[in-house]
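These notes concern the structure reproduced below.
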Amino acid sequence: MKAKLTQQAFTLPLLVVLLLVSFYTLGYAIYLSVYDIDLMSPPPFDFIGLANFIEVLKEPRMWLSLWHTLVYVAGSTVAELVLGSAIALFISRDFVGRKLVRALLLLPMIVTPIVAGLIWRIFYDPNAGLFNWLAGFFGIAPIDWLGNTSTAMASLILADIWQWTPFIILLVSAGLDALPNEPLEAAELDGARGWRLLAFIKLPMMKPIILMALFLRMIDAFKSFDLIYVMTRGGPALATETTNMYAYLTGFQDFRISAAVVIAIINTLLVIAVLSFASKKVMKDE
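Anchor point for the sequence shown: position 113 equals 113 in full-length UniProt numbering, and the numbering is continuous, going up by one each time.
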């Protein structure tokens with residue numbers, strides 16, 4: 001009992017600071033959203049209530065950025081989950097150099113998003129990039145991957161997949177290593193082998209880990225900004241402008257601070273809505 005109280009006493013200050021910072025940030029964001037704050041105009045600023053929300057929601061660019069956000073999140077997280085789980089299953093087997101392969105697969109996750117964005121910009125360079133070199137090898141004309149509205153979003157998603165698939169590999173591999181041997185051995189004695197063992201025994205036991213990995217990646221993908229900023233800055237022609245990018249440009253290019261905060265709040269509400277829907281769907285299926 002004494003040890004538990006001591007532990008709580010040491011944890012309490014950190015918890016209080018975390019709550020204060022969180023509530024202050026949230027409160028200040030709400031304050032900014034209900035005033036007409038423009039860096040090009042001097043204070044005092046006028047209280048306008050929900051007018052900023054109405055104005056932002058009337059802008060077609062807002063809805064376009066929401067759509068781009070959903071495409072980016074869905075495309076990257078689904079691909080990362082499938083690819084990462086498949087690789088984790090493959091490297092869970094014993095083979096020569098397994099530890100080295102695991103270490104190499106995790107390297108992209110260590111790279112900061114800014115550096116990753118610069119690396120992939122070089123890969124996508126229309127004149128001297130790796131992808132156009134490969135395309136030329138097969139007789140395909142050079143493509144402006146990041147400058148074409150039909151390929152820019154897919155190019156961003158591919159870069160995100162490269163960087164964050166290792167995160168899924170790490171979690172799923174840890175889950176596979178933690179599986180109890182008794183159910184697996186019993187299933188093998190009953191004749192379960194290969195894909196049957198995977199589909200009916202391993203995957204159901206791994207479901208909590210897989211869902212946790214999916215939700216964590218979804219949250220992080222919704223917050224993605226630096227990779228997009230470095231690679232496209234929302235272009236070309238707004239083709240890769242997500243809500244985070246839109247909020248940044250609204251605040252620091254157009255100097256509409258209140259509108260930028262409103263966009264950020266809407267993005268946060270979108271994250272909560274998507275995760276709530278997904279978690280309820282999972283609980284209903286169970």
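Backbone N, C-alpha and C fix where the C-beta goes; we use that ideal spot for every residue, glycine too. Bear in mind the structure is a predicted one, so any value in this text is a computation, not a measurement.
Boundaries of the alpha helix (DSSP H) in which residue i is found, first to last residue
{"i": "residue 126", "result": "Segment: none, residue 126 is in no alpha helix (DSSP H) and carries neither H nor E."}
{"i": "residue 72", "result": "60-91"}
{"i": "residue 107", "result": "107-110"}
{"i": "residue 250", "result": "243-252"}
{"i": "residue 210", "result": "203-222"}
{"i": "residue 144", "result": "That residue, residue 144, is in no alpha helix (DSSP H); it is neither H nor E in DSSP."}
{"i": "residue 196", "result": "194-197"}
{"i": "residue 94", "result": "Here residue 94 belongs to no alpha helix (DSSP H), and DSSP marks it neither H nor E."}
{"i": "residue 187", "result": "181-189"}
{"i": "residue 234", "result": "Segment: none, residue 234 is in no alpha helix (DSSP H) and carries neither H nor E."}
{"i": "residue 175", "result": "152-177"}
Integer-rounded CB distance, given that residue j should sit under 8 Å from residue i
{"i": "residue 180", "j": "residue 109", "result": "Wrong, their Cβ atoms sit about 28 Å apart, outside the cutoff."}
{"i": "residue 147", "j": "residue 113", "result": "At roughly 21 Å, the Cβ-Cβ gap does not stay under 8 Å, so residue 147 and residue 113 are not in contact."}
{"i": "residue 81", "j": "residue 214", "result": "5 Å"}
{"i": "residue 212", "j": "residue 176", "result": "No, residue 212 and residue 176 are not in contact; Cβ-Cβ is about 14 Å, not under 8 Å."}
{"i": "residue 84", "j": "residue 168", "result": "3 Å"}
{"i": "residue 240", "j": "residue 232", "result": "5 Å"}
{"i": "residue 161", "j": "residue 279", "result": "Going by Cβ atoms, the distance from residue 161 to residue 279 rounds to 24 Å, so no, they are not a contact pair."}
{"i": "residue 210", "j": "residue 156", "result": "Not quite, the Cβ-Cβ distance comes to about 24 Å (not below 8 Å), so this is no contact."}
{"i": "residue 195", "j": "residue 159", "result": "About 32 Å separates the two Cβ atoms, so there is no contact after all."}
{"i": "residue 91", "j": "residue 173", "result": "7 Å"}
{"i": "residue 71", "j": "residue 62", "result": "Rounded, the Cβ-Cβ distance is 15 Å, inconsistent with contact."}
{"i": "residue 307", "j": "residue 138", "result": "Missing from the structure shown is residue 307; the chain here goes from 1 to 286 and no further."}
{"i": "residue 263", "j": "residue 246", "result": "6 Å"}
Neighbourhood of residue i by C-beta distance below 6 Å, restricted to the same chain and skipping five residues each side
{"i": "residue 99", "result": "none"}
{"i": "residue 267", "result": "243"}
{"i": "residue 269", "result": "none"}
{"i": "residue 46", "result": "36"}
{"i": "residue 226", "result": "113 and 114"}
{"i": "residue 69", "result": "242 and 243"}
{"i": "residue 48", "result": "36"}
Cut-off 7 Å between Cβ atoms - residues of its own chain near residue i, not counting five sequence neighbours on either side
{"i": "residue 73", "result": "218, 221 and 222"}
{"i": "residue 265", "result": "29 and 33"}
{"i": "residue 261", "result": "29, 32 and 33"}
Other residues of its chain near residue i: CB distance less than 8 Å, five sequence neighbours each side excluded
{"i": "residue 288", "result": "There is no way to answer for residue 288, as the model of the chain reaches only from 1 to 286."}
{"i": "residue 142", "result": "126, 127, 132, 135 and 136"}
{"i": "residue 50", "result": "34"}
{"i": "residue 107", "result": "166"}
{"i": "residue 188", "result": "197"}
{"i": "residue 154", "result": "75"}
{"i": "residue 183", "result": "201 and 205"}
{"i": "residue 251", "result": "257, 259, 260 and 261"}
{"i": "residue 111", "result": "119 and 163"}
Bridge partners - residue i, DSSP secondary structure assignment
{"i": "residue 287", "result": "The chain is shown only over 1 to 286; residue 287 falls outside these bounds and no answer can be derived."}
Residue i CB to nearest heavy atom of the ligand FMN below 7 Å
{"i": "residue 188", "result": "This structure simply doesn't include the ligand FMN, nor any ligand for that matter."}
Taking 8 Å as the cut-off, does the stretch 32-51 touch the stretch 240-256 (at least 3 CB pairs, one atom from each stretch)?
yes
Cβ contact (3+ pairs, closer than 8 Å) linking the stretch 83-103 and the stretch 152-167:
yes
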